[in-house]
Amino acid sequence: MYRLPLANASFDTAVLQMVLHYAEDPPGVVAEAARVLRPGGRMIVIELAAHQKADLSARLAHRWPGFSDAAMRTLLTEAGMRPGDPVIVPGPLDVCLWPAQRPDLDTKS
804 MYRLPLANAS
814 FDTAVLQMVL
824 HYAEDPPGVV
834 AEAARVLRPG
844 GRMIVIELAA
854 HQKADLSARL
864 AHRWPGFSDA
874 AMRTLLTEAG
884 MRPGDPVIVP
894 GPLDVCLWPA
904 QRPDLDTKS
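So for the sequence shown, the working numbering puts the first residue at 804; every next one is plus one.
Here's what the structure looks like:
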């Protein structure tokens, strides 16, 4: 997930589903997924919302206690993506779906 054996700008869509809370380097994972997207390509990050359940770290080897909307927007923006509005799926641990789009070559944002 850090060095995909794929060419730059190869895909229309990238999905990161429930991997970032295990990742040593979440910014690196998001940047690598963004690297393989074509201009105008879309990414969806499906991940745990920020939570305070510290027992999950030890019991399930989670490296991160979920992600806040602000943290995810930063990860996506720093990877060159334009974040969209998240969708929250409530549950014992809320899950968020964060959409984002890689800017087209002819746009500056």
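Note that the Cβ used here is the ideal one computed from N, Cα and C, for glycine as well. All values reported here derive from a predicted model rather than from experimental measurement.
With DSSP as the reference, label residue 872 as helix, strand or coil. helix
Where do the N-terminal and C-terminal ends of the beta strand (DSSP E) with residue 817 fall, by residue? 814-820
Does the contact criterion of 3 or more C-beta pairs under 8 Å hold for the stretch 845-853 versus the stretch 814-831? yes
Quick check: what's the CA-CA separation for residue 829 versus residue 805? 9 Å
Apart from the five residues on each side of it in sequence, which residues of its chain come closer than 6 Å, Cβ to Cβ, to residue 890? 900
Under 8 Å, with one C-beta from each stretch per pair, do the stretch 832-846 and the stretch 857-864 reach the 3-pair mark? no
Euclidean distance between Cα positions of residue 881 and residue 857: 27 Å
Under the three-state reduction of DSSP, which class applies to residue 832: helix, strand or coil? helix
When burial is assigned at 16 or more other CB atoms within 10 Å of the CB, is residue 817 buried or exposed? buried
For residue 866, three-class secondary structure by DSSP: coil
Secondary structure of residue 827, DSSP reduced to three states: coil
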